[in-house]
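Inspection log for the structure reproduced underneath, given as structure tokens.
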Amino acid sequence: MAGSVLAVGMLTACQNDDEGGTGNGGVSIDDKVGMGSDDDAGKADTDKGDGGKGGSVPKELVGSWRTGSGATVQYQDAITGAYAPPSGSTGELTIKSDGSYTDNGLLQTTMYNCTTSLFVMEEGKVSVSGDKVTFKPSKVKTSMQNTCSESSNFYNRDGTKNTKVDTFELTQDTNGPVLRLTDEEGASSDYRPDK
Numbered sequence: 546m547a548g549s550v551l552a553v554g555m556l557t558a559c560q561n562d563d564e565g566g567t568g569n570g571g572v573s574i575d576d577k578v579g580m581g582s583d584d585d586a587g588k589a590d591t592d593k594g595d596g597g598k599g600g601s602v603p604k605e606l607v608g609s610w611r612t613g614s615g616a617t618v619q620y621q622d623a624i625t626g627a628y629a630p631p632s633g634s635t636g637e638l639t640i641k642s643d644g645s646y647t648d649n650g651l652l653q654t655t656m657y658n659c660t661t662s663l664f665v666m667e668e669g670k671v672s673v674s675g676d677k678v679t680f681k682p683s684k685v686k687t688s689m690q691n692t693c694s695e696s697s698n699f700y701n702r703d704g705t706k707n708t709k710v711d712t713f714e715l716t717q718d719t720n721g722p723v724l725r726l727t728d729e730e731g732a733s734s735d736y737r738p739d740k
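Converting from the sequence shown to my numbering requires adding 545 to each position, the first position being numbered 1.
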């Protein structure tokens with residue numbers, strides 16, 4: 546997920562695809578719907594050292610980072626006036642000083658009255674060499690909810706554990722720090738500190 550939040554091709558039902566996914570009845574990553582997460586999942590590790598565990602993560606990368614975008618179009622029910630949950634994606638990447646990480650993502654699409662939400666939770670080890678960051682997952686769980694096709698719903702399904710190597714760049718803009726992760730195909734995701 547890191548560097549390329551989620552695979553859009555996994556969502557096909559009820560739809561004609563990085564901060565939406567919350568508000569007006571949407572589900573956020575923090576809701577952890579169907580995700581078996583540890584009590585401390587998603588919490589930043591504020592220790593800036595390696596804790597004596599041989600961590601190889603620069604202190605500038607340690608903490609929780611968020612990325613996302615949303616659709617500018619939102620559907621409204623003509624009869625009830627209720628808005629459908631927005632389409633978009635959001636992700637939270639937490640990197641700890643001991644070299645562990647969690648990466649939680651939500652991709653949500655809404656077409657009229659059909660909303661499909663895909664949740665992905667990944668955890669594992671991260672290492673940094675130069676401007677390359679390697680994510681090696683030890684656990685990947687996926688869950689999908691489709692309001693128009695309950696038969697396609699699933700929860701806590703094991704996902705594929707693919708090691709990813711991204712190029713990272715730390716910059717600053719008028720809104721504060723930015724962590725840009727670029728995957729091997731050139732797709733970039735900008736993350737901001739989770740406050």
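Positions of the beta carbon are idealized from the N, C-alpha and C atoms, including for glycine.
DSSP-derived helix/strand/coil call for residue 604: Stepping through the sequence shown from its first residue, residue 604 is reached at position 59. Residue state, collapsed to three classes: helix.
Start and end residues, beta strand (DSSP E) containing residue 637: Residue mapping note: residue 637 aligns to position 92 of the sequence shown, counting from 1. Here the beta strand (DSSP E) through residue 637 covers 633 to 640.
Coil, strand or helix - residue 694 by DSSP: As a first step, residue 694 is located in the sequence shown; it is residue number 149 there, counting from the start. Residue 694: coil per DSSP, three-state reduction.
Distance CB(residue 634)-CB(residue 654) smaller than 7 angstroms: Mapped onto the sequence shown, residue 634 falls at position 89. Mapped onto the sequence shown, residue 654 falls at position 109. It is not a contact, given that the beta carbons lie outside the stated cut-off.
Sub-7 angstroms separation of residue 712 and residue 739 beta-carbons: Indexing the sequence shown from 1 puts residue 712 at position 167. Indexing the sequence shown from 1 puts residue 739 at position 194. Contact: no.
Cα-Cα separation between residue 702 and residue 663, rounded to whole angstroms: Numbered from its first residue, the sequence shown carries residue 702 at position 157. Numbered from its first residue, the sequence shown carries residue 663 at position 118. C-alpha separation (whole angstroms): 11 angstroms.
For residue 751, the three-state DSSP class (helix, strand or coil): Here the chain covers residues 546 to 740 and nothing more, so residue 751 does not appear.
Distance, residue 668 Cα to residue 639 Cα: Your numbering for residue 639 matches position 94 in the sequence shown. Your numbering for residue 668 matches position 123 in the sequence shown. Taking the straight line joining both Cα atoms gives about 9 angstroms.
Three-state secondary structure assigned by DSSP to residue 720: Walking along the sequence shown from the start, residue 720 turns up at place 175. Note: residue 720 maps to coil in three-state DSSP.
Segment limits, beta strand (DSSP E) that includes residue 731: Working through the sequence shown from its first residue, we reach residue 731 at position 186. Residue 731 -> no beta strand (DSSP E), and no H or E assigned at all.
Buried versus exposed call for residue 699 [16 or more other C-beta atoms within 10 Å across all chains shown]: The residue labelled residue 699 in the question sits at position 154 within the sequence shown. Exposed, by the Cβ-count rule.
Where residue 578 falls: helix, strand or coil (DSSP): The sequence position of residue 578 within the sequence shown is 33, counting from 1. Only weak support is given to the placement of residue 578: the predicted model assigns it a pLDDT of 38, under 50, and the question is left unresolved by the model.
Buried or exposed (CB count within 10 angstroms, at least 16 for buried), residue 579: Walking along the sequence shown from the start, residue 579 turns up at place 34. Residue placement at residue 579 is flagged as unreliable, the pLDDT there being 38, under the threshold of 50; a coordinate-derived value is accordingly withheld.
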